[in-house]
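Participant:
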Amino acid sequence: MSSCPPYAPFFGFAGVASSMIFSTVGAAYGTSKAGIGIAGLGQFKPELIMKSLIPVVMSGIIAVYGLVVSVLIAGGLDPAQDYPLYSGFVHLGAGLACGLTGLAAGYAIGIVGDSCVRAYVRESKVFVAMVLILIFAEVLGLYGLIVALIMNSRASEARCS
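Each step along the sequence shown adds one to the number in the working numbering, with nothing skipped, and position 77 is 92.
1) State the DSSP-derived secondary structure class of A144, mapped to helix, strand or coil.
2) If you count every other CB in all the chains shown that lies within 10 Å of the CB of E172, and 16 or more means buried, which is it?
3) Please state whether the Cβ-Cβ distance between I64 and L149 is less than 8 Å.
4) If you measure between the beta carbons of M35 and S102, is that distance less than 8 Å?
5) Where does D129 fall in DSSP's three states?
6) How is I64 classed by DSSP in three states: helix, strand or coil?
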């Protein structure tokens with residue numbers, strides 16, 4: 016069996032797609048869920064809207080993580096060169112690592128953002144706790160980005176025999 020079959024790039028492209036798709040779905044969910052809470056807050060205290068946009072910004076960062084990994088993986092796919100099956104599997108794993116942690120982080124940011132923004136209307140002391148919880152939720156996506164970057168650096172080590 017060849018270490019560079021013709022279907023090997025499929026797994027690399029699947030990594031590109033999964034990184035981009037899952038992380039943007041997480042970012043979209045986080046943005047929409049937190050946006051609902053901000054809309055509710057705006058009815059009672061419109062002066063707090065700008066401070067309450069933090070969950071929306073943090074959700075957008077999750078999509079950037081997926082974009083970075085997708086671009087890096089796609090850069091390793093060259094139709095003029097042989098592509099090892101090992102690299103395809105590593106790129107798929109990297110894409111899934113970044114994408115699925117981005118999905119989880121976006122979900123967590125959305126739930127926390129919605130709840131804390133609504134609580135912020137009634138009690139301003141919630142703001143610091145909200146930011147801390149959002150940072151810990153964002154770190155989930157950052158962990159996936161770091162793992163994906165490490166995995167992507169290993170993909171170029173494989174050679175066709």
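Backbone N, C-alpha and C fix where the C-beta goes; we use that ideal spot for every residue, glycine too. Just so it is clear, the structure is predicted and the values come from calculations on it, not from any experiment.
Facilitator: Straight from the coordinates:
1) Here residue 144 corresponds to residue number 129 of the sequence shown, with the count starting at 1. Helix at A144.
2) Taking the first residue of the sequence shown as position 1, residue 172 is located at position 157. Result: exposed.
3) Residue 64 sits at position 49 when you count from the first residue of the sequence shown. Residue 149 sits at position 134 when you count from the first residue of the sequence shown. Not closer than 8 Å, so no.
4) For the purposes of this step, residue 35 is identified with residue 20 of the sequence shown, where counting begins at 1. For the purposes of this step, residue 102 is identified with residue 87 of the sequence shown, where counting begins at 1. No; because the gap between Cβ atoms is not below 8 Å, this pair is not in contact.
5) The residue given as residue 129 occupies position 114 in the sequence shown. Correct three-state label for D129: helix.
6) Within the sequence shown, residue 64 is the residue found at index 49, counting from 1. Of the three classes helix, strand and coil, the one that applies to I64 here is coil, per DSSP.
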